[in-house]
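Count along the sequence shown from 1, add 7, and you get the number used in the numbering used here.
Report on one structure; see the data block that follows.
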Amino acid sequence: MIYPTPLINDLLEDLDKVLWYCSLDMASGFWVVSMTDRARAISAFITPFGLFEWNRMPFGLENAPQIYQRLIDNALYGFLRIPTVADQNTLTDLFKEGHPEEAGESSVLGRRSYIDDILVTAGSWDLLCDRVKALLEACDKWNISISVAKSFWGLKKVDYLGHRVSDEGLEVHPKDLSALMDLPFPRTLRAMQSFLGSLNYYGRFIEDMAIYASVLYELPEVDFAAIRDRAGRERIGPAIEISEDQQDDQATADPKWAEAEAAFSKLKKKIAATPILKHFDTEKRPVVIVYASEWAVSASLVQDHDGVYLPVMFTSRTLKQNELNYGIVEKEVLALLRMLDLGYSMLAGRPIQVLARHSTLAWLFRAAGLQGRLGQWAALLSPWTLEITKCTRGEDEILGTLAAAITPRSEVDQALTDIAPRKEPRRSVNTPVPTLEQDETLLVASFDGSARVKRGGGAFSAIIWRLPEWTVVTAASGWKADMTVNEAEYSGLLLCFDLLEDQDRTRLVICGDSNLVIRQMKGEIECKAPALTLLRQKALRQLGTWPTHDLLHVKRAWNASADSLASAALQREAGVIVREQDWDDLVTLNRLPEILTATAKETTLRISAMATRSRRKVPNQEVLQEDAVRQLRVDRIRQGQDEERWIANLKHYLQGQVADLEKEEARTCSNLADDFEVDEQDLLYYCPPSRNPDKERDGLLRLVIPETLHQDLLHHYHVSLEGGHQGISRTYQRIKDKVYWRGLFRSVQRFIGECTDC
Numbered sequence: 008m009i010y011p012t013p014l015i016n017d018l019l020e021d022l023d024k025v026l027w028y029c030s031l032d033m034a035s036g037f038w039v040v041s042m043t044d045r046a047r048a049i050s051a052f053i054t055p056f057g058l059f060e061w062n063r064m065p066f067g068l069e070n071a072p073q074i075y076q077r078l079i080d081n082a083l084y085g086f087l088r089i090p091t092v093a094d095q096n097t098l099t100d101l102f103k104e105g106h107p108e109e110a111g112e113s114s115v116l117g118r119r120s121y122i123d124d125i126l127v128t129a130g131s132w133d134l135l136c137d138r139v140k141a142l143l144e145a146c147d148k149w150n151i152s153i154s155v156a157k158s159f160w161g162l163k164k165v166d167y168l169g170h171r172v173s174d175e176g177l178e179v180h181p182k183d184l185s186a187l188m189d190l191p192f193p194r195t196l197r198a199m200q201s202f203l204g205s206l207n208y209y210g211r212f213i214e215d216m217a218i219y220a221s222v223l224y225e226l227p228e229v230d231f232a233a234i235r236d237r238a239g240r241e242r243i244g245p246a247i248e249i250s251e252d253q254q255d256d257q258a259t260a261d262p263k264w265a266e267a268e269a270a271f272s273k274l275k276k277k278i279a280a281t282p283i284l285k286h287f288d289t290e291k292r293p294v295v296i297v298y299a300s301e302w303a304v305s306a307s308l309v310q311d312h313d314g315v316y317l318p319v320m321f322t323s324r325t326l327k328q329n330e331l332n333y334g335i336v337e338k339e340v341l342a343l344l345r346m347l348d349l350g351y352s353m354l355a356g357r358p359i360q361v362l363a364r365h366s367t368l369a370w371l372f373r374a375a376g377l378q379g380r381l382g383q384w385a386a387l388l389s390p391w392t393l394e395i396t397k398c399t400r401g402e403d404e405i406l407g408t409l410a411a412a413i414t415p416r417s418e419v420d421q422a423l424t425d426i427a428p429r430k431e432p433r434r435s436v437n438t439p440v441p442t443l444e445q446d447e448t449l450l451v452a453s454f455d456g457s458a459r460v461k462r463g464g465g466a467f468s469a470i471i472w473r474l475p476e477w478t479v480v481t482a483a484s485g486w487k488a489d490m491t492v493n494e495a496e497y498s499g500l501l502l503c504f505d506l507l508e509d510q511d512r513t514r515l516v517i518c519g520d521s522n523l524v525i526r527q528m529k530g531e532i533e534c535k536a537p538a539l540t541l542l543r544q545k546a547l548r549q550l551g552t553w554p555t556h557d558l559l560h561v562k563r564a565w566n567a568s569a570d571s572l573a574s575a576a577l578q579r580e581a582g583v584i585v586r587e588q589d590w591d592d593l594v595t596l597n598r599l600p601e602i603l604t605a606t607a608k609e610t611t612l613r614i615s616a617m618a619t620r621s622r623r624k625v626p627n628q629e630v631l632q633e634d635a636v637r638q639l640r641v642d643r644i645r646q647g648q649d650e651e652r653w654i655a656n657l658k659h660y661l662q663g664q665v666a667d668l669e670k671e672e673a674r675t676c677s678n679l680a681d682d683f684e685v686d687e688q689d690l691l692y693y694c695p696p697s698r699n700p701d702k703e704r705d706g707l708l709r710l711v712i713p714e715t716l717h718q719d720l721l722h723h724y725h726v727s728l729e730g731g732h733q734g735i736s737r738t739y740q741r742i743k744d745k746v747y748w749r750g751l752f753r754s755v756q757r758f759i760g761e762c763t764d765c
């Protein structure tokens, strides 16, 4: 059964006009509820003395709180009538078999309870007495008892759900504050999660709580083993003597533990010194103070009480990796959206004043044609009535009216720097580039893996190349059932070592298009999956037999030879050892030589993860080498154009080779011919129509890119360092100004939509 329990924050609202309270606790709790015949059968348990069944609902059943919540709500609101005496002979579910009351009533208290904790509120003593009387009658009607010993009657300040409630506001009042203050630093991940969970319960009271706790959230479980080891050494005591230098090394070995312990201590102090939050007053105008720094955002909901802004609620969070590059105004929007989300029930439908450092926040409401995240934010903020007020003299303008409980925003960065240092934006991992001596003899192993999702099974392949000639030594593929893609990639790597078993232990360069496998083999990322851990350990043992080796991640297009073998094995669901007469096909597909840049002056060959143009002045021999690489790219583009039917037909038509075309193809080409040209290198160019007839046609020409190279261009203009993961419109415009292919916008839209980093 699913029955919603009320949110605690909702139960603590609408208390701004309350003067008298009663905090009541039910007696016997779940024992009041009788068990149905079916419930008895499925909750029975076996003991050495026999089989026992529950007559009353016990504590510990997963749905027991929801059942009891439903019972109390029905007693307060009167949804269903009590069954007659004749109906009580059999035990049935009242809420399935019962009948509704003829006239539904509102709650006798005007509010819900939280399971067995009931808060009776009233603005006058007479109203309080009337509500208590109505509650007692409802409890008597439904045979529910109230524990007098655990209840508090007719007070102006009561404890309710870990809070102290009064007409002054809300205070934090945990049951055992001293135990929380004396809590040592947790030594397990579960203990840390328990501590953070208790803090989240009082998150609205702790200013910048999420920022302080961010360093604690980022501690993985493996790091807690170091704490337990250190605790074990401390228990050994004087048996092991540690020098002062060793102690200093341990203290400074990992600064994140010092930051974590500092944040832990700071949070314990904050929970003990939380301010009194005022009740939200529906007659006063809400004011939201937003703050954004380089790596965090926070917001405070306040209201003016006699010329002083007193806090109602706090919220904060650290920025995600992609949000670190946002502008300061965009970060202020994030802070505002978070407050509007968490305080929706209080703020909805009311005019809100927003105090910000920058008036450009108001521009978001006036601007038209916003795209991307700005357009999304404008849509989210459009239902709200907001008045953006810029603090012209910074925060000094409102510091005089801020309550002492609110930290001046100018001091937040300084207070948090030592505890939760600023995050750095995610950057590409710069792996050392392997270099090869010119004419050096070595082996290059390329591998790949592929798997089917629905039918199961995976294929893998490996090719061994000998340099500097780039000849194939051996190549093979394999297939196994019930294999994931990552397992197939590791199997391809292990197949490389099997093929290398009879080779001399010279220098080895391993190339693969699996970023996960390459980085796990390098130790840059953890390997947590049990199946992959076993494969990785086996591969590391094999790799250890090669004294000199390098691991290089390449794009899939550059690994076309191994990819073709794996794809073929996946189709026929069987692996093969490639015959020598088929090696020429692998050499034709091999694009690994494209990322080799030879430098005759320095007598080195460089393997780079991306072929880029050198920005420094180079000798003439290097210029010649660049010309050779450029010619290689031209050959690739020409070959791709000749393999794509519509491009090849259009080139034949423009060159006068109409006899090679069918009638329908020639007619189609005649409609397109005016917008295309073929240059002296046999490359097809597109010339879009121009509104300026005087503009030179050569300046408008754009190279037509075949489908086989679309992914390379999209990767360069979006994923690479030059691309910078920009949006769809900007990426499309940059590509459109340089090259052309049919369906360019759809290709950009699909590629960016599937980008995992965006």
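We treat Cβ as the ideally placed atom computed from N, Cα and C, and that holds for glycine.
Everything numeric in this text was worked out from a predicted model, so none of it was measured.
Same chain only: Cβ atoms within 8 Å of residue i, ignoring 5 sequence neighbours per side
| i | result |
| --- | --- |
| Met-42 | Ser-50, Glu-60, Trp-61, Asn-62, Arg-63, Met-64, Leu-98 |
| Ile-471 | Leu-450, Val-451, Ala-452, Val-479, Val-480, Thr-481, Ala-482, Cys-503, Leu-506, Leu-507, Gln-510 |
| Pro-72 | Thr-12, Ile-122 |
| Glu-496 | Phe-454, Asp-455, Gly-456, Phe-467, Gly-519, Ser-521, Leu-523, Val-524 |
| Gln-527 | Glu-533, Cys-534, Leu-539, Arg-543 |
| Leu-751 | Tyr-739, Ile-742, Lys-743 |
Spatially closest choice to residue i from the options, by CA coordinates
| i | options | result |
| --- | --- | --- |
| Ala-466 | Glu-761, Arg-579, Tyr-84, Thr-322 | Arg-579 |
| Lys-562 | Arg-380, Pro-475, Asn-522, Asp-17 | Asn-522 |
| Gln-445 | Pro-475, Ala-469, Phe-454, Arg-459 | Pro-475 |
| Leu-577 | Tyr-660, Asp-489, Ala-269, Arg-292 | Asp-489 |
| Asn-493 | Pro-695, Phe-454, Asn-81, Leu-539 | Leu-539 |
| Thr-595 | Arg-757, Ala-564, Ile-584, Ala-655 | Ala-564 |
| Lys-275 | Tyr-209, Glu-761, Leu-284, Cys-136 | Tyr-209 |
| Asp-591 | Glu-601, Ser-568, Leu-599, Leu-661 | Ser-568 |
| Ser-131 | Ala-303, Leu-22, Pro-227 | Leu-22 |
| His-723 | Pro-696, Phe-758, Ala-342 | Phe-758 |
| Ala-303 | Glu-290, Arg-292, Arg-324 | Arg-324 |
| Leu-550 | Ser-35, Ala-575, Val-516 | Val-516 |
| Leu-716 | Lys-397, Gln-740, Ser-754 | Ser-754 |
| Arg-548 | Val-25, Val-179, Asp-557, Leu-501 | Leu-501 |
| Ile-153 | Ser-35, Leu-668, Arg-514 | Ser-35 |
Per-residue DSSP class, three states only, for residue i
| i | result |
| --- | --- |
| Ala-280 | coil |
| Phe-504 | helix |
| Phe-271 | helix |
| Gln-527 | helix |
| Arg-579 | helix |
| Gln-310 | strand |
| Thr-481 | strand |
| Asp-124 | strand |
| Trp-472 | strand |
| His-170 | strand |
| Ser-154 | strand |
| Pro-293 | strand |
| Phe-202 | helix |
| Ala-458 | strand |
| Arg-749 | coil |
Residues near residue i by beta carbon distance below 7 Å, same chain, minus five either side
| i | result |
| --- | --- |
| Glu-225 | none |
| Ile-296 | Ala-306, Ser-307, Val-309, Leu-362 |
| Leu-691 | Gln-648, Ile-654, Leu-657, Lys-658, Phe-683, Val-685, Val-711 |
Cutoff 6 Å; reference residue i; Cβ partners in own chain excluding five residues on either side
| i | result |
| --- | --- |
| Arg-709 | Tyr-693, Val-746, Tyr-747 |
| Glu-337 | none |
| Ser-158 | Leu-31, Asp-32 |
| Gly-379 | Gly-734 |
Nearest-angstrom Cβ-Cβ length linking residue i and residue j, presumed shorter than 8 Å
| i | j | result |
| --- | --- | --- |
| Leu-720 | Ile-712 | 6 Å |
| Ile-74 | Val-39 | With a Cβ gap of about 11 Å, Ile-74 and Val-39 do not count as contacting. |
| Leu-393 | Ala-385 | Not a contact, Cβ separation roughly 12 Å. |
| Lys-285 | Asp-311 | Their Cβ separation, rounded to whole angstroms, is 10 Å, which puts Lys-285 and Asp-311 out of contact at 8 Å. |
| Leu-168 | Leu-142 | With 8 Å as the limit, Leu-168 and Leu-142 do not qualify as a contact, their Cβ atoms being about 18 Å apart. |
| Arg-171 | Lys-164 | 6 Å |
Beta carbon proximity, residue i to chain C, threshold 8 Å
| i | result |
| --- | --- |
| Asn-62 | Of the chains in the structure shown, none is chain C; there is only one protein chain. |
heavy atom of the ligand ZN below 7 Å from residue i C-beta
| i | result |
| --- | --- |
| Ala-217 | Within the structure as shown, the ligand ZN is missing, as the structure has no ligands at all. |
May I have a chain-ordered list of the beta strand (DSSP E) segments no shorter than 3 residues that lie completely inside the segment 323-366?
Correct list: 359-363.
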